[in-house]
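Asks: Okay, here's the structure, questions in a sec.
Numbering (my numbering), first residue to last: 1 to 689.
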C-alpha cells in the first residue's frame with residue numbers, strides 16, 4: 001500500500017475509534033459522527049514537542065526522593081492514540097450537557113455514563129494516584145487507609161504513598177471539579193467524621209455491570225493486562241508495575257499498565273481480593289440524580305447493553321472529506337486577530353500585526369489550549385495544545401510545542417516547568433507565538449508590525465518633521481519592497497520546475513494522518529500497539545507535506561523535490577566529501593535553506609528547531625520547505641563522541657559549505673550554543689567577499 005493509501009486507512013481507523021467511543025457516551029449516531037470528525041480534526045492540529053528527553057532532569061527513584069520529595073510523580077505522557085481518546089472526552093461534553101438539561105427526563109444510565117466518563121477524564125490527565133483516588137474514594141467507598149494500600153499494591157513503592165492529608169485534599173479537589181461539571185444534578189452530604197460524599201443511589205450494586213462496561217470502554221486504548229494470567233487474588237510484588245529507571249519518559253508505559261490494573265474490573269477485583277478487602281460491587285456508591293420528585297427508581301429499564309453501531313465505507317469517506325476540506329481552509333488562513341482559548345473559553349487575544357507573543361499564567365484547571373481565528377474570520381482552529389502536567393513537572397526548562405501549517409504558518413507554545421503552590425495545586429506560564437515562514441506572508445506580517453511600531457512610538461519627529469516624513473516613508477518602503485520582490489523572484493526562478501510540479505499536485509493529503517505504530521520511532525509508544533497514531537507535525541521538521549498525485553502529474557518526493565538524494569545522506573558523505581573552489585561564491589547566493597537531520601533520529605529535532613530559530617533571527621536566511629529550498633543544511637549528531645557535524649549541500653548532493661576539506665564543522669556544547677555558532681559561522685562565510 002502506498003503512503004497515501006496508508007494514511008487514508010489509518011485516519012479512517014481513528015474516525016472509527018472516535019465514533020465508537022462517542023456513540024457509547026452519547027447514544028446518538030448523528031452526534032457521534034460530529035464528535036468523531038471534530039476529534040480527528042483537532043488531533044491533526046495538536047502541537048508537538050521536539051523531543052521531551054531534552055527538557056528532562058534524569059532523576060532516579062532514590063535521587064528524586066532525596067532532591068524533590070514533593071515533586072516525584074508518576075508520569076503519564078499520552079501518545080497520540082490516548083490523546084485522541086482524551087479529545088473525544090472533551091468534544092462530547094457540550095452534547096452531554098444538552099442531554100442533561102432536563103433533570104426530569106434524563107435517564108439513569110445516560111447520567112451515570114457521563115459521570116464515570118468525567119471522573120476518568122479528570123483523573124487520567126494526572127496519573128495513577130489520581131485514578132486511584134477517583135475509583136476507590138469517589139466511585140467506590142473504600143476508606144483512605146484501604147485506598148492507600150490499593151495504591152501501594154499498584155505503584156509497588158511504599159515511599160510514594162501519600163499521607164492522609166494529601167489524600168483528603170486531592171479527593172476534595174476532584175469532588176469540586178465534579179460539582180462544577182454537574183451542578184444541581186448532584187448533591188453532597190456529610191457522613192461520619194464530617195467527610196463529604198455525594199448523595200448516592202440506594203441500589204448502586206444493581207448498576208455494577210454498567211460500571212464494568214464504562215470502565216472497560218474508558219481505560220487507555222490498547223493497554224495490556226499487567227497481572228499474571230488467571231483469576232487468583234494478587235499478593236506481593238507485581239514485576240510489570242515496578243519502575244527502577246531514571247528517564248521520566250520510560251515510566252509512562254508502566255503508568256499506563258498501573259491505570260489499566262485499576263480500571264479493568266477483573267484486575268481491580270483480583271488486587272482488592274489479595275488485600276482481603278470487600279469486593280468492589282459491594283462498595284459501589286453511584287451518585288443519585290437530584291430530581292424534584294426524588295424518585296430513586298426512575299428508570300430501572302436502562303441497564304441493558306448499548307447497541308454497537310458501525311460506520312460504513314460511505315460514511316468514512318464523507319467524514320474524511322470534511323476533515324480534508326477543513327484543513328484546506330485552515331492552511332490558507334491569514335489571520336489578523338487570533339483568540340487564545342483555555343478549556344473552550346476565550347482567555348486573551350494575539351494580534352500578529354502588533355505582537356509576536358502573548359503569555360498566560362495558568363493553573364492545573366487548564367487542560368486544553370486552542371488558537372483560533374476571530375468568529376468573523378471563520379473561527380478556524382489553527383493549533384491545539386493539551387497540557388502534559390507530568391512532563392512539565394519533570395522538565396528542567398520551558399518545553400516547546402509547535403504546529404506547522406501547509407501555508408507556512410507556525411504556532412508555537414512555550415510551556416514553563418510547572419510549580420507546586422502552597423495549596424498543592426500546579427501553576428505554570430504558557431507563551432503563544434505566531435510567525436510566518438513564506439516569504440511574502442512573512443514580509444507582509446513584518447510590514448504590519450513596523451507600521452504598528454511607528455504608529456505607537458513615542459520618539460516620532462516633531463510636527464514639521466512628521467509632515468515631511470509622511471511623504472518620505474512610503475517612497476523608502478516602496479524601494480525596499482521592490483528590491484525584496486526582485487530578490488525573491490531571482491531566487492524563485494531557480495526553483496520554478498519544482499513549483500510547477502507542486503501546482504500540478506493540488507489534491508493534498510493531510511500530513512498528520514494517523515499512522516501505524518510500527519513505523520513510529522518514538523520510544524514512548526509501545527511497539528505492540530496496533531492502533532492508529534498521529535504523525536508528528538512540528539517546526540523541527542519543516543519538510544513539505546506529502547502530496548497526492550493526479551493522473552499524468554510528476555511524482556514529487558516531499559523530502560527530495562528535485563530528484564536529489566537529500567534523504568539518503570551517508571556517514572561517509574558527511575565526513576569526506578569536499579567542496580569545489582566555487583563553493584564560497586555559490587554559498588553567498590543562497591538565502592532559502594532547509595535544515596535536515598541526516599539520520600532522521602528524534603534526538604536532534606530540538607537542535608534543528610533552535611538552528612531554524614537562529615537562522616530566522618539572523619535576518620539573512622529564510623527557512624524553506626524542501627520544495628522551495630536552494631540548499632539543505634544537513635545536521636549529523638554523533639552521540640558517542642558528543643559532537644555535531646554540519647554541512648550545506650545543493651540539489652545534486654554537492655557540498656558547498658564548509659568551503660574546504662581542512663575546515664570540518666564540528667560543534668559541541670548545549671543545543672543553544674551549537675545552534676548559535678553554526679549560524680554565525682555559516683552567515684560569516686556566506687557574507688564574505
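Backbone N, C-alpha and C define an ideal beta-carbon position, used for all residues, glycine too. Note that the structure is predicted; figures quoted are calculated from it, not measured.
Would residue 83 and residue 46 be called neighbours here (beta carbons separated by less than 8 Å)?
Replies: yes
Asks: Terminal residues of the continuous alpha helix (DSSP H) containing residue 265?
Replies: 265-274
Asks: Quick one, which of 232, 151, 220 has its alpha-carbon nearest residue 253's?
Replies: 220
Asks: Starting from the N-terminal side, write out each stretch of the beta strand (DSSP E) that is 3 residues or longer and does not extend beyond the segment 586-628.
Replies: Runs found: 592-597.
Asks: Assuming contact is defined by CB atoms lying nearer than 8 Å, are residue 372 and residue 381 in contact in what I supplied?
Replies: Result yes, Cβ atoms of residue 372 and residue 381 sit closer than 8 Å.
Asks: Taking the C-alpha atoms as reference points, what is the distance between residue 187 and residue 136?
Replies: 19 Å
Asks: Does residue 237 pass the burial test, meaning 16 or more other C-beta atoms within 10 Å, or should it be called exposed?
Replies: exposed
Asks: Between residue 263 and residue 131, how many whole angstroms is the CB-CB distance? I'm expecting something under 8 Å.
Replies: 7 Å
Asks: Here's the rule I'm using: 16 or more other beta-carbon atoms within 10 Å means buried, otherwise exposed. How should residue 396 be labelled?
Replies: exposed
Asks: Mapping DSSP to helix, strand and coil, what is residue 368?
Replies: strand
Asks: For residue 165, count neighbouring Cβ atoms within 10 angstroms of its own Cβ and tell me buried if that reaches 16, exposed if not.
Replies: Counting Cβ neighbours within 10 Å, residue 165 comes out exposed, since fewer than 16 surround it.
Asks: Are residue 442 and residue 590 close, meaning C-beta to C-beta below 8 Å?
Replies: no
Asks: Is it buried or exposed, residue 181, if we count other Cβ atoms within 10 angstroms and call 16 or more buried?
Replies: buried
Asks: Which one of 330, 450, 417 has the shortest CA to CA distance from residue 404?
Replies: Measuring from the Cα of residue 404, the nearest candidate turns out to be 330.
Asks: Do you know whose CA, among 610, 170, 40, lies nearest residue 196's CA?
Replies: 170
Asks: So is residue 604 buried or exposed if we call it buried at 16+ other beta carbons inside 10 Å?
Replies: buried
Asks: Short of 6 Å in beta carbon distance, which residues of its chain neighbour residue 63, apart from the five on each side in sequence? Order them along the chain.
Replies: Unreliable positioning characterises residue 63 in this predicted model, as indicated by a pLDDT of 41, which lies under 50. The coordinate reading is nonetheless provided below. Cβ contact annotation for residue 63 (same chain, cutoff 6 Å, sequence separation greater than five): none.
Asks: Which residue's Cα is closest to the Cα of residue 279: 286, 287, 269?
Replies: The shortest C-alpha separation from residue 279 is found at 269.
Asks: Using the DSSP secondary-structure output, state which residues sit across from residue 100 in a beta bridge.
Replies: Partner(s): none; residue 100 has no beta bridge.
Asks: Could you tell me if residue 440 is buried or exposed, where buried requires 16 or more neighbouring beta carbons within 10 angstroms of its beta carbon?
Replies: exposed
Asks: Between which two residues does the alpha helix (DSSP H) carrying residue 167 extend?
Replies: 164-182
Asks: Below 8 Å on the Cβ atoms is my guess for residue 208 versus residue 112; work out the distance and round it to an integer in Å.
Replies: Not quite, the Cβ-Cβ distance comes to about 11 Å (not below 8 Å), so this is no contact.
Asks: Around the C-beta of residue 362, are 16 or more other C-beta atoms found within 10 angstroms, so that it is buried, or is it exposed?
Replies: buried
Asks: Determine the extent of the beta strand (DSSP E) in which residue 431 is found, giving its start and end residues.
Replies: 426-436
Asks: Expressed to the nearest angstrom, what Euclidean distance is found between the alpha-carbon atoms of residue 775 and residue 414?
Replies: Outside the displayed span of the chain (1 to 689) sits residue 775, for which this structure offers no information.
Asks: What is the DSSP secondary structure of residue 202, reduced to helix, strand or coil?
Replies: coil
Asks: Answer with buried or exposed for residue 325, where buried requires no fewer than 16 other C-beta atoms within 10 angstroms of its C-beta.
Replies: exposed
Asks: Taking the beta carbon of residue 319 as the centre, do at least 16 other beta carbons fall within 10 Å, making it buried, or is it exposed?
Replies: buried
Asks: Anyone know if the C-beta pair for residue 690 and residue 156 falls short of 8 Å?
Replies: Residue numbering for the chain in the displayed model covers 1 to 689; residue 690 lies beyond these limits and cannot be assessed.
Asks: Could you give the uninterrupted runs of the alpha helix (DSSP H) lying entirely in the segment 629-680, keeping only those of 4 residues or more?
Replies: The alpha helix (DSSP H) runs lying completely inside the segment 629-680 and spanning 4 residues or more number zero.
Asks: For residue 48 and residue 450, I'd like the C-alpha separation in whole angstroms.
Replies: 30 Å
Asks: Helix, strand or coil, according to DSSP, for residue 409 in the structure here?
Replies: strand
Asks: Have a look at 436, 427, 22 and flag the residue whose alpha-carbon is nearest the alpha-carbon of residue 336.
Replies: 436
Asks: Report the start-end ranges of each alpha helix (DSSP H) in the segment 309-378 that is 4 residues or longer and not cut off at the edges.
Replies: 313-331
Asks: In three-state terms, what does DSSP make of residue 385?
Replies: strand
Asks: Give the DSSP-derived three-state secondary structure of residue 419 in the structure shown.
Replies: strand
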